[in-house]
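Chemist: Protein chains in written order, with our numbering: chain W, 254 to 438; chain U, 394 to 532.
Just so you know, even glycine gets a beta-carbon here, dropped at the ideal spot from N, CA and C.
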Amino acid sequence: MLHQQYNTAGRTLGILGIVLGGIALFMSFTCIGYLALIPSVSAIVLSILSLRQAREYNGNKNLGVAALVISIVATVIALIWLAVLGSATFWKNALEKKKGDNFKIELKADLNDEEDSSDDDIEFNEALKDLEEELGDLEGIVDSATSEKIIKAVKKAKKSVPKRIEVKITSESDSDTIVIETRRE
Amino acid sequence: MILNKYSNYQIINFSFLVVLFFVVFYSLVFGVGNIDYPVSCAFKNIADIECPSCGMSRSFTAALHGHFKLAYCYNNSGVLILFFVLTQIVARVFMLFIESKKRVTSLVVKLDVTLSLLFFTVAFFPLVRNWISFINRLL
Chain W
254 MLHQQYNTAG
264 RTLGILGIVL
274 GGIALFMSFT
284 CIGYLALIPS
294 VSAIVLSILS
304 LRQAREYNGN
314 KNLGVAALVI
324 SIVATVIALI
334 WLAVLGSATF
344 WKNALEKKKG
354 DNFKIELKAD
364 LNDEEDSSDD
374 DIEFNEALKD
384 LEEELGDLEG
394 IVDSATSEKI
404 IKAVKKAKKS
414 VPKRIEVKIT
424 SESDSDTIVI
434 ETRRE
Chain U
394 MILNKYSNYQ
404 IINFSFLVVL
414 FFVVFYSLVF
424 GVGNIDYPVS
434 CAFKNIADIE
444 CPSCGMSRSF
454 TAALHGHFKL
464 AYCYNNSGVL
474 ILFFVLTQIV
484 ARVFMLFIES
494 KKRVTSLVVK
504 LDVTLSLLFF
514 TVAFFPLVRN
524 WISFINRLL
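(1) Hey, could you find the ends of the alpha helix (DSSP H) residue 292 of chain W is sitting in?
(2) Suppose the cutoff is 6 Å on Cβ atoms and the five residues either side in sequence are ignored; what does the same chain contact list for residue 474 of chain U look like?
(3) Note down the Cα distance separating residue 443 of chain U from residue 434 of chain U, rounded to an integer number of angstroms.
(4) For residue 415 of chain U, count neighbouring Cβ atoms within 10 angstroms of its own Cβ and tell me buried if that reaches 16, exposed if not.
(5) Quick one: is residue 517 of chain U near chain W, going by C-beta distance under 8 Å?
(6) If the cut is a Cβ gap below 7 Å, which residues of chain W does residue 447 of chain U touch?
(7) So residue 310 of chain W contacts chain U; which residues on that side make the cut at Cβ distance below 8 Å?
(8) Give the interface partners of residue 410 of chain U over in chain W, defined as CB-CB distance under 7 Å, in chain order.
(9) Where does the unbroken alpha helix (DSSP H) through residue 271 of chain W begin, and where does it stop?
(10) What in chain U is Cβ-close to residue 262 of chain W, meaning under 8 Å?
(11) If I follow the unbroken alpha helix (DSSP H) through residue 419 of chain U, where does it start and stop?
(12) Please state the DSSP three-state secondary structure of residue 529 of chain U.
(13) Quick check: the segment 328-338 of chain W against the segment 293-301 of chain W, are there 3 or more CB pairs under 8 Å?
(14) What three-state label does DSSP hand residue 438 of chain U in the structure shown?
(15) With a cut-off of 8 Å, does the C-beta of residue 325 of chain W fall near any C-beta of chain U?
(16) In chain U, what lies closer than 9 Å to residue 316 of chain W by C-beta?
(17) Give the DSSP-derived three-state secondary structure of residue 260 of chain W in the structure shown.
(18) To the nearest angstrom, how far is the alpha carbon of residue 288 of chain W from that of residue 260 of chain W?
(19) Would you tell me roughly how many angstroms separate the C-alpha atoms of residue 271 of chain W and residue 445 of chain U, rounded to the nearest one?
(20) Mind pulling the chain W residues with CB within less than 8 Å of residue 505 of chain U?
(21) Given this structure, state the Cα-to-Cα distance separating residue 428 of chain W from residue 456 of chain U, to the nearest angstrom.
(22) Of all Cβ atoms in chain U, is any one closer than 8 Å to the Cβ of residue 277 of chain W?
(23) Which residue's Cα is closest to the Cα of residue 479 of chain U: U/525, U/424, U/513?
(24) Just the Cα atoms here: how many angstroms apart are residue 322 of chain W and residue 451 of chain U?
(25) For the candidate residues U/464, U/408, U/529, U/440, whose alpha-carbon lies nearest to that of residue 344 of chain W?
(26) If you reduce the DSSP assignment to three classes, tell me which class residue 339 of chain W lands in.
(27) Answer yes or no: does any C-beta atom of chain U fall closer than 8 Å to that of residue 338 of chain W?
(28) Please classify residue 354 of chain W: is it buried, with 16 or more other beta-carbons within 10 angstroms of its beta-carbon, or exposed?
(29) Using beta carbons (cut-off 8 Å, strictly below), is residue 531 of chain U in contact with chain W?
(30) When DSSP builds the beta bridges, which residues end up paired with residue 312 of chain W?
(31) I'd like the list of long-range same chain contacts for residue 449 of chain U, defined as Cβ closer than 6 Å, with 5 residues on each side in sequence excluded.
(32) Does DSSP put residue 445 of chain U in a helix, in a strand, or in coil?
(33) Between the Cα of residue 319 of chain W and those of U/481, U/407, U/503, spot the shortest distance and give me the residue it belongs to.
(34) Note down, in chain order, all residues in the segment 473-497 of chain U with a beta-carbon under 7 Å from any beta-carbon belonging to chain W.
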């Protein structure tokens, strides 16, 4: 069987292209994916030069082709990253608008007024205060996904507080307001 | 030229080994729970929203220190990617050793490339899936 003999034309550039392409591919998946454009574009240039040298001086084109494929994939991912980054400000504004359109968490609590001073109720009152503070932190405007999480968390907390406390959650669809009401039974 | 003494495969293996070692070294330098990494996410800086790649360095650091649950919390695809990096380090060292004994055939190279690409796809798939759902959610 006849084997075609190749020389080393395009070898160094091909190796550099593969290594830079590999680095760019890894980089493109990180938080600085857009910076992967620098090594990936360099790798494309190097692999094209490698292929040209290999063609002119009968070198092996495999390295150049592999480098070109890897660097093109890395460039595409880096460009997607750049597009995502470019629209970041737009998305920030859109998300804030979306949040405002969704739900408002309101807390109605009148626990302090009914505080009991007996020793048996000290622990009970502390639990009430803790719950009130926790719920107070939830007040504000949130998106629908967050509101669902809050409702789940409150339901879970309800199980752990003394049975005498009632946590009432009502969702008023007209006003898109979720009212979390706490009171002693 | 000194590079002519080595085969293409050896040079590429060695170069990737250096890069992979750098990734591990970068992750090991910092302590678990550290937030002062020199590289910050540009998307988070602009939009104030964490991107799916956020927490990757912290995840690597936590996993390398043996805190796998914490690593998963920082970034749910970090542990698998770190596993890919570590297996690649072992593979590159092994292949360099085999190549030094002149036992690497074209079949071995093809097998190495195929398996590495396959594992790369598997390791990065959760991150890609997170990115796709992230972009869909924003749109």
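Modeler: To lay it out plainly:
(1) By 1-based counting over the first sequence, the position of residue 292 of chain W is 39. Here the alpha helix (DSSP H) through residue 292 of chain W covers 290-309.
(2) Counted from its first residue, the second sequence places residue 474 of chain U at position 81. Contacts found: 516.
(3) Taking the second sequence and counting its residues from 1, the one referred to as residue 443 of chain U is at position 50. Taking the second sequence and counting its residues from 1, the one referred to as residue 434 of chain U is at position 41. The alpha-carbon atoms of residue 443 of chain U and residue 434 of chain U are separated by roughly 8 Å.
(4) Within the second sequence, numbered from 1, the residue matching residue 415 of chain U stands at position 22. Flag for residue 415 of chain U reads exposed.
(5) For the purposes of this step, residue 517 of chain U is identified with residue 124 of the second sequence, where counting begins at 1. Closer than 8 Å: yes.
(6) Here residue 447 of chain U is taken as the residue at index 54 of the second sequence, counted from 1. For residue 447 of chain U, the chain W residues whose C-beta falls within less than 7 Å of its own C-beta are 284, listed in chain order.
(7) Residue numbering aside, residue 310 of chain W sits at position 57 when the first sequence is read from its first letter. Here the premise fails: no neighbours, minimum Cβ distance about 15 Å.
(8) In the second sequence, the residue the question calls residue 410 of chain U occupies position 17. Those within 7 Å of residue 410 of chain U in chain W number zero; the least Cβ separation is about 11 Å.
(9) The count along the first sequence starts at 1 and reaches residue 271 of chain W at position 18. Taken as a continuous stretch (DSSP letters only), the alpha helix (DSSP H) holding residue 271 of chain W covers 264-280.
(10) Taking the first residue of the first sequence as 1, we reach residue 262 of chain W at position 9. Per Cβ cutoff of 8 Å: no residues; residue 262 of chain W is ~13 Å from chain U at best.
(11) By one-based count along the second sequence, residue 419 of chain U stands at place 26. Residue 419 of chain U -> alpha helix (DSSP H) spans 401-422.
(12) Within the second sequence, numbered from 1, the residue matching residue 529 of chain U stands at position 136. The answer is helix: DSSP assigns residue 529 of chain U an H, G or I state.
(13) yes
(14) Here residue 438 of chain U is taken as the residue at index 45 of the second sequence, counted from 1. Of the three classes helix, strand and coil, the one that applies to residue 438 of chain U here is helix, per DSSP.
(15) If you number the first sequence from 1, residue 325 of chain W lands on position 72. No, its Cβ sits nowhere closer than 8 Å to a Cβ of chain U.
(16) For the purposes of this step, residue 316 of chain W is taken as residue 63 along the first sequence, with counting starting at 1. Going along chain U in sequence order, the residues near residue 316 of chain W (Cβ under 9 Å) are 401, 405.
(17) The residue given as residue 260 of chain W occupies position 7 in the first sequence. Residue 260 of chain W falls in the strand class under three-state DSSP.
(18) In the first sequence, the residue the question calls residue 288 of chain W occupies position 35. In the first sequence, the residue the question calls residue 260 of chain W occupies position 7. About 35 Å.
(19) Stepping through the first sequence from its first residue, residue 271 of chain W is reached at position 18. Stepping through the second sequence from its first residue, residue 445 of chain U is reached at position 52. Straight through space, the alpha carbons of residue 445 of chain U and residue 271 of chain W are spaced by roughly 27 Å.
(20) Here the question's residue 505 of chain U lines up with position 112 in the second sequence. Within chain W, no residue comes near residue 505 of chain U; the closest Cβ sits about 13 Å away, beyond 8 Å.
(21) Within the first sequence, residue 428 of chain W is the residue found at index 175, counting from 1. Within the second sequence, residue 456 of chain U is the residue found at index 63, counting from 1. Note that residue 428 of chain W scores 48 on pLDDT, short of 50, meaning its location in the model is unreliable; the coordinates nonetheless yield the value given after this. Taking the straight line joining both Cα atoms gives about 46 Å.
(22) On the first sequence, residue 277 of chain W is found 24 positions in, with the first residue counted as 1. No, its Cβ sits nowhere closer than 8 Å to a Cβ of chain U.
(23) As a working mapping, residue 479 of chain U is identified with position 86 in the second sequence. Nearest of U/525, U/424, U/513 to residue 479 of chain U, Cα basis: U/513.
(24) Start at 1 with the first residue of the first sequence, and residue 322 of chain W comes out as number 69. Start at 1 with the first residue of the second sequence, and residue 451 of chain U comes out as number 58. One C-alpha to the other measures close to 31 Å.
(25) For this step, residue 344 of chain W is matched to residue 91 along the first sequence. Selected option, being the one with the closest Cα: U/440.
(26) Along the first sequence, one-based indexing puts residue 339 of chain W at 86. Of the three classes helix, strand and coil, the one that applies to residue 339 of chain W here is helix, per DSSP.
(27) As a working mapping, residue 338 of chain W is identified with position 85 in the first sequence. Closer than 8 Å: yes.
(28) Within the first sequence, numbered from 1, the residue matching residue 354 of chain W stands at position 101. Caution is warranted here: a pLDDT of 49 is assigned to residue 354 of chain W, below 50, making its placement in the model unreliable, and the coordinate value is therefore given only provisionally. It is exposed - the Cβ of residue 354 of chain W has fewer than 16 other Cβ atoms within 10 Å.
(29) For the purposes of this step, residue 531 of chain U is taken as the residue at position 138 of the second sequence. Yes, residue 531 of chain U lies at the interface with chain W (some Cβ there is under 8 Å from its Cβ).
(30) Working through the first sequence from its first residue, we reach residue 312 of chain W at position 59. Residue 312 of chain W is bridged to W/260.
(31) Position 56 of the second sequence holds residue 449 of chain U. Cβ neighbours of residue 449 of chain U beyond the five flanking positions: 468, 471.
(32) Counting from 1 along the second sequence, the entry for residue 445 of chain U is found at position 52. Residue 445 of chain U: coil per DSSP, three-state reduction.
(33) Residue mapping note: residue 319 of chain W aligns to position 66 of the first sequence, counting from 1. Nearest option by C-alpha distance: U/503.
(34) none
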